[in-house]
Amino acid sequence: MIKFWQERVKNPISTKNLECDSKLKEIKKELKSVIGKKFAGSLAIRMVSSGSCNACEAECNALSNPYYNLERLCMHFVASPRHADIILLSGVVSANMYHHILNVYQQMPQPAYIVTLGDCPLLQGVFQENFAIKGAKSLGLPIAYHINGCPPNPQEIITGLLEFLKSLG
Ligand code: SF4
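Numbering (our numbering), first residue to last: 1 to 169.
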């Protein structure tokens, strides 16, 4: 065991991908600028899990770590829909969550946007045609943007949010 750690100290494994780092820096810079212009410098996100496996939420949690540092990108998660600009919707939209999501949307200041996260809300995958699953389309609400992946990683989520913001007029 001691040998293992001696070796590890001599040859540390770098988990950082430099190419990815520089790309991420560019995305972060652009995000700050777009949020500054379109949301007065602060984008409030209400996360709604509507029957997910929790992997999408785990990736979102990683957005708050010091590497991705969401708050420094002018974005933050809020608990109340009344303070939110967008809903980040994960999961298959179960029958139990259906009315809750509509309620969240109605409480948001308008214009409110829904961004679906992961493959579940739109595709439902193996859960399709299940009596307990309704899917995001059944809500009848406008879906402003979809971030695909199962789950999308933090960089894909950040990139998706940037694309969503750029798509706004
Ligand atoms: S998209 Fe994949 S990771 Fe995300 S909630 Fe659905 S099954 Fe889980």
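Here a beta-carbon is modelled for each residue, glycine too, at the ideal position from N, C-alpha and C.
Cβ shell of residue i (< 8 Å), same chain only, five flanking positions each side left out
{"i": "F131", "result": "A95"}
Own chain partners of residue i with C-beta closer than 7 Å, once the 5 adjacent residues on each side are dropped
{"i": "F39", "result": "D85"}
{"i": "L18", "result": "For L18, the predicted model reports a pLDDT of 49, less than 50, meaning its position is unreliable; a value from the coordinates is still stated below. Once the five neighbours on either side are set aside, L18 has no close Cβ partner at all."}
{"i": "A136", "result": "L89, V93, T116, P121, L122 and I143"}
{"i": "K32", "result": "L73 and C74"}
{"i": "V104", "result": "R46, V48, P81 and I87"}
{"i": "S167", "result": "Y145"}
Cut-off 6 Å between Cβ atoms - residues of its own chain near residue i, not counting five sequence neighbours on either side
{"i": "G91", "result": "S49, S50, G51, S52 and C120"}
{"i": "Y98", "result": "K134"}
{"i": "S64", "result": "L70"}
{"i": "Y68", "result": "P154"}
{"i": "S42", "result": "C74"}
Which listed residue (the options) has its alpha carbon closest to that of residue i
{"i": "L162", "options": "S138, W5 and K25", "result": "K25"}
{"i": "G118", "options": "E59, S138, E129 and G169", "result": "E59"}
{"i": "P152", "options": "E129, N54, H100 and P66", "result": "N54"}
Below 6 Å from a heavy atom of the ligand SF4 - residues by beta-carbon: S52, C53, A55, C56, S90, G91, G118, D119, C120, C150 and P151
Hey, is the region 69-85 in contact with the region 40-59, meaning 3+ C-beta pairs nearer than 8 Å? yes
Taking only runs that begin and end inside the region 97-144, name each unbroken alpha helix (DSSP H) of 4 or more residues, in chain order. 120-123
Residue ranges of each beta strand (DSSP E) within the region 11-77, 3 or longer: 43-49 and 75-77
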